[in-house]
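Q: Okay, handing you the structure first.
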Amino acid sequence: MNLASKTVLQHRKKLSGYKLQEQRMGYLFILPFAVGFLIFQAAPAVFSFVLSLTNMHFMSNVSNLKFIGLQNFVELFHDGEVMRALGRSFLYSVIYVPVIVLFGLLLAALINSRIYARGAIRTALFMPYISNMVAIAIVWSVILDYRDGPINNILRSCGCKNPPMWLMGEHTVLPTIVLIAVWQGVGLYMVTYLAALQNVPRELYEAATLDGAGAFQKFRNITVPLISPTTFFLVITAIINSFQNFGIIQVLTQGGPGEASTTMAISVYKASFVQYRMGYATAQAMLLFVLILIFTMIQWKGQKRWVNYE
Amino acid sequence: MERKLLKKVLAVLLTASMSVGFASGCSGKQEGSSGTKAVSESQASEQKVKLKYAISAKNASETGQKNMIAEINKQAKGFEIEEDVIPGEVADFDQKVMVSLMAGDEMDFLYTNDNTVAKYAKADVILPLDDLAKAHSFNINSNFGDTIRKINGKTYMLPCTRDVHITFYNKSLFDKAHVPYPDNSTWTWDKYVEDAKKITNAKEEIYGSYMLDWDTYFTFSAKQKGVSAYKADGTSNFDDPAWSESMKFFADLGNVLKVQPDIVTYETKKLQWDGFMTGKYGMFVCGSWALSMLSDQKTYPRKWKAGIAVMPMVESGKESSLSIMGGYSICSTTKHKDEAYKAVQMLALNEWKIPNTGRVPDLVNLSDKEKLSAMKSLSESLSFDGITAQQLENCILSPKINLVCEKVVGNGMTTINDLIPKEGQLYASGQRTLAQTMKEIKTKSDKAISDDKNK
Chain A
33 MNLASKTVLQ HRKKLSGYKL QEQRMGYLFI LPFAVGFLIF QAAPAVFSFV LSLTNMHFMS
93 NVSNLKFIGL QNFVELFHDG EVMRALGRSF LYSVIYVPVI VLFGLLLAAL INSRIYARGA
153 IRTALFMPYI SNMVAIAIVW SVILDYRDGP INNILRSCGC KNPPMWLMGE HTVLPTIVLI
213 AVWQGVGLYM VTYLAALQNV PRELYEAATL DGAGAFQKFR NITVPLISPT TFFLVITAII
273 NSFQNFGIIQ VLTQGGPGEA STTMAISVYK ASFVQYRMGY ATAQAMLLFV LILIFTMIQW
333 KGQKRWVNYE
Chain B
94 MERKLLKKVL AVLLTASMSV GFASGCSGKQ EGSSGTKAVS ESQASEQKVK LKYAISAKNA
154 SETGQKNMIA EINKQAKGFE IEEDVIPGEV ADFDQKVMVS LMAGDEMDFL YTNDNTVAKY
214 AKADVILPLD DLAKAHSFNI NSNFGDTIRK INGKTYMLPC TRDVHITFYN KSLFDKAHVP
274 YPDNSTWTWD KYVEDAKKIT NAKEEIYGSY MLDWDTYFTF SAKQKGVSAY KADGTSNFDD
334 PAWSESMKFF ADLGNVLKVQ PDIVTYETKK LQWDGFMTGK YGMFVCGSWA LSMLSDQKTY
394 PRKWKAGIAV MPMVESGKES SLSIMGGYSI CSTTKHKDEA YKAVQMLALN EWKIPNTGRV
454 PDLVNLSDKE KLSAMKSLSE SLSFDGITAQ QLENCILSPK INLVCEKVVG NGMTTINDLI
514 PKEGQLYASG QRTLAQTMKE IKTKSDKAIS DDKNK
């Protein structure tokens with residue numbers, strides 16, 4: 033071996049030593065997070081899965097705990113109440129995701145253009161996002177008061193004899209909750225879209241204008257493709273958020289009237305803290321987890337077709 | 094080289110300190126508490142046995158509870174009660190106690206009622222008291238009567254108080270409408286409606302009646318008639334016409350007779366359980382625990398005076414009221430069974446004598462004088478309204494009143510008690526027919542019962 037190749041070898045060894053050292057340091061730095069993740073997230077998730085395979089019930093002694101395989105899962109697919117709750121979760125999601133994403137984009141486009149009191153409007157639109165859920169529930173209860181709330185008063189003055197019962201109506205409660213949730217969360221979507229819109233190069237619009245493109249063509253062929261990574265991120269976030277609707281429903285209607293606003297999240301709560309069936313409740317939570325995972329994976333795979341990262 | 098080493102050491106130290114800090118955040122408190130536990134346990138073994146009494150933060154702050162603990166600790170030999178404060182109130186408190194007991198946390202005794210005692214007993218987190226009573230030569234039946242609640246033939250709670258539904262009425266509104274005050278002997282639901290109609294003045298937003306959206310209000314008359322929520326075969330009995338009659342009665346008061354806010358107004362206006370204290374309602378039927386609002390002039394400042402009467406009867410001459418017993422049970426995790434039993438027995442027999450506890454004794458062998466004296470401290474707190482001990486006794490302790498449990502107790506009870514008002518709301522708000530509502534309640538209750546049985 034000549035001197036040059038020896039030097040190269042030494043240099044490579046030194047490099048791999050550095051690399052190894054760097055890797056070790058990297059692992060050391062992520063260690064606190066990894067420990068926390070394992071203890072507080074991974075372990076409970078595994079424990080939950082194990083629990084879903086048992087008959088655990090608060091109303092029976094732990095010594096009666098039995099491993100029952102997939103019985104909870106079989107039961108929940110035959111349980112009309114759970115299946116109806118699942119249907120409502122989908123309905124919630126189907127309304128929530130497109131409305132919040134489109135509305136967020138629309139508001140961002142408006143804020144991005146030169147309008148009067150832009151800063152104040154942006155702040156006002158973002159305010160509900162950081163507001164307390166209980167306060168929001170009280171305000172909306174007053175606004176949607178069936179007897180003499182402002183919305184129904186306006187509807188009555190326009191000739192509507194039987195205005196909707198909103199949160200009290202069996203058929204109106206779910207869409208009403210979704211709209212309140214959209215109102216609360218749209219600020220974040222707007223701000224995220226605003227950042228994306230401001231990153232679209234001006235020159236592209238100028239070039240398109242010179243080529244004679246109209247506003248809609250510019251929006252469709254320049255804006256939409258260039259903000260597609262943001263749209264992708266927001267759609268995934270919206271789908272996940274739409275299934276995590278426990279807080280808003282519990283505060284506004286507790287799943288009622290009847291079971292009209294009982295979604296999967298509420299059903300899991302009821303199974304665990306009303307019926308005390310922890311094993312069954314965990315099986316429902318697992319089903320919800322798998323469904324969200326499937327949707328996210330489909331989105332992830334499908335992104336190549338419409339998300340533009342260039 | 095040295096710098097590199099120093100960097101490495103610093104990185105390792107930083108990582109280690111973060112990990113230790115992270116872990117100690119979880120474990121430090123436990124080490125501290127177990128240390129304290131060890132000290133207190135060694136002290137306890139030298140002195141009196143310390144009994145852990147599971148109590149909510151709100152109850153722990155009440156004067157009556159403080160008096161009770163102080164008084165019992167003064168009188169007790171061989172044990173001392175110490176509070177084990179569990180966060181949360183009512184249902185939250187029950188859930189946390191249940192989880193703690195199931196996890197094996199040591200507690201000696203706790204306050205229960207007809208509803209919660211059944212849940213705890215089913216979960217095996219409280220002990221049957223019959224053998225302990227026998228060992229202490231205490232006859233449960235001769236003290237509390239043969240009707241004391243038993244679960245699978247065993248007694249799990251020694252009652253220290255009874256809560257009985259009564260009628261609260263606003264004397265000013267009765268006077269204004271020239272309606273005589275309710276008379277216990279003739280006080281029926283028909284009379285209640287008749288008086289409520291006379292008092293109601295829609296223009297001034299005055300209603301003769303006020304009812305809540307709680308499960309009991311949808312089922313008043315069925316329960317008063319003693320109709321069981323279960324059939325002999327164990328399925329639900331909600332197809333018995335008595336249940337639909339009581340559901341209809343509640344809805345009609347608001348929708349047809351218009352003597353109280355209808356359910357839509359109640360829900361959308363977010364009317365509160367203590368709405369009667371606004372002075373806009375003529376009558377309010379509720380448990381005797383609500384008497385505390387009459388004595389609370391600070392929260393409810395008012396000029397008008399209130400009176401009380403028995404719960405309206407379904408049929409004249411058949412006095413019947415909804416009630417719930419409260420008492421003490423021994424936790425299965427206790428290490429001091431005997432001392433815990435002594436404390437529970439002592440409380441059941443004597444707590445009502447301790448000032449400000451608000452307890453109404455559930456003992457059958459009380460003399461008339463004792464009954465009157467039991468009501469005396471309560472009546473003193475109601476002096477503004479001029480409610481006497483005799484009136485309280487007539488409404489709460491009269492042996493003529495047939496007491497019926499206000500809650501559905503049995504298989505699937507938590508689900509059933511929860512679904513009655515939820516389904517009832519759909520009917521009372523005109524979105525479902527009565528037949529549909531009762532069918533829905535029956536189907537869902539049957540499922541809850543079957544789920545509970547098959548667990």
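From first to last, the protein sequence lines stand for chains A and B.
According to my numbering, the stretch in the first sequence is residues 33 to 342, in order.
According to my numbering, the stretch in the second sequence is residues 94 to 548, in order.
Note that beta-carbon positions come from the ideal geometry of N, C-alpha and C, so glycine has one too.
This one's a predicted model, so the numbers in the text were calculated from it and none came from an experiment.
#1: Here's the rule I'm using: 16 or more other beta-carbon atoms within 10 Å means buried, otherwise exposed. How should ALA295 (chain B) be labelled?
#2: When the distance is taken between beta carbons, is SER278 (chain B) closer than 7 Å to VAL407 (chain B)?
#3: Inspect the beta-carbon positions of PHE377 (chain B) and TYR303 (chain B) and report whether they are closer than 7 Å.
#4: Which residues in chain A sit within 7 Å of GLU360 (chain B), going by Cβ to Cβ distance?
#5: How about the stretch 253-261 of chain B and the stretch 440-460 of chain B: do they share at least three Cβ pairs that are nearer than 8 Å?
#6: At the 7 Å Cβ level, is GLN518 (chain B) part of the contact set with chain A, yes or no?
#7: Identify each residue in the stretch 483-501 of chain B for which the Cβ-Cβ distance to at least one residue of chain A is less than 8 Å, and report them in chain order.
#8: Considering only the alpha carbon of each residue, which of B:LEU527, B:THR530, B:GLU516 and B:GLY523 lies closest to ASP308 (chain B)?
#9: Is there at least one Cβ from chain A nearer than 7 Å to SER590 (chain B)'s Cβ?
#10: Run the CB neighbour count on LYS130 (chain B), radius 10 Å, all protein chains shown included, and call it buried at 16 or more, exposed below.
#11: Got a sec? Which residues, its chain only, sit under 6 Å from VAL4 (chain A) by beta carbon, not counting five neighbours each side?
#12: Can you give the Cα-Cα distance for LEU284 (chain A) and LEU199 (chain A), rounded to whole angstroms?
#13: Quick check on THR156 (chain B): buried or exposed, where buried means 16 or more other Cβ atoms within 10 Å of its Cβ?
#14: What residues from the stretch 153-186 of chain A come within 7 Å of chain D, judged by C-beta to C-beta, listed N to C?
#15: Under a three-way DSSP split, which group does SER466 (chain B) fall into?
#16: Shorter than 7 Å from the beta carbon of LYS462 (chain B) to some beta carbon of chain A?
#17: Establish whether the CB of VAL114 (chain A) and some CB of chain B are separated by less than 7 Å.
#18: Pick helix, strand or coil for VAL40 (chain A), following the three-state DSSP scheme.
#19: Residues in its own chain within less than 7 Å of ASN449 (chain B) by CB, not counting five upstream and five downstream?
#20: Starting from VAL357 (chain B), find everything on chain A with Cβ-Cβ shorter than 8 Å and list it in chain order.
#21: According to DSSP, simplified to helix, strand and coil, what is TYR285 (chain B)?
#22: Just verifying my parser: in three-state terms, what is the DSSP assignment at ARG116 (chain A)?
#23: With 7 Å as the threshold, decide whether the Cβ of ASP308 (chain B) is near any Cβ in chain A.
#24: Please report the distance separating the alpha-carbon of ILE280 (chain A) from that of LEU222 (chain B).
#25: Excluding the 5 residues preceding and the 5 following GLY125 (chain B) in the sequence, name in chain order all residues of the same chain whose CB lies nearer than 8 Å to its CB.
#26: Listed from N- to C-terminal order along the chain, which residues in the stretch 185-199 of chain B have their beta-carbon within a distance smaller than 8 Å of any beta-carbon of chain A?
#27: In the stretch 229-315 of chain B, which residue ranges form an unbroken alpha helix (DSSP H) of at least 4 residues, counting only runs that do not cross its ends?
#28: Taking Cβ positions only, does LYS515 (chain B) come closer than 7 Å to chain A?
#29: On the three-state DSSP scale, how would you describe LEU139 (chain A)?
#30: If you draw a straight line from the alpha carbon of ALA228 (chain A) to that of ALA140 (chain A), how long is it in whole angstroms?
#31: Classify ASN277 (chain A): buried if its beta carbon has 16 or more other beta carbons within 10 angstroms, exposed otherwise.
#32: Could you give the DSSP three-state label for TRP332 (chain A): helix, strand or coil?
#33: Relative to the C-alpha of ASN510 (chain B), which candidate in A:GLU54, A:ALA36 and A:LYS302 has its C-alpha closest?
#34: Which residues does DSSP list as the beta-bridge partners of ILE148 (chain B)?
#35: Give me the Cα-Cα distance between GLN249 (chain A) and ARG146 (chain A), rounded to the nearest whole angstrom.
#36: According to DSSP, simplified to helix, strand and coil, what is ASN185 (chain A)?
A: Once the coordinates are examined:
#1: exposed
#2: no
#3: yes
#4: MET200
#5: yes
#6: yes
#7: none
#8: B:GLU516
#9: Nothing can be reported for residue 590 (chain B): it is not among the residues displayed for chain B, which extend from 94 to 548.
#10: Only weak support is given to the placement of LYS130 (chain B): the predicted model assigns it a pLDDT of 47, under 50, and the value that follows is read from those uncertain coordinates. By the 10 Å Cβ count, LYS130 (chain B) comes out exposed.
#11: The requested residue 4 (chain A) does not occur in the structure, where chain A is confined to residues 33 to 342.
#12: 8 Å
#13: exposed
#14: The structure shown contains no chain D; its protein chains are A and B.
#15: helix
#16: no
#17: no
#18: helix
#19: THR156, GLY157 and ASN160
#20: TYR178, ARG179, MET197 and MET200
#21: helix
#22: helix
#23: no
#24: 44 Å
#25: Note on GLY125 (chain B): pLDDT 39, under 50, position unreliable in the model; no value is reported.
#26: GLN188, MET191, VAL192 and MET195
#27: 233-237, 264-269, 282-292 and 308-311
#28: yes
#29: helix
#30: 9 Å
#31: buried
#32: helix
#33: A:LYS302
#34: B:VAL178
#35: 20 Å
#36: helix
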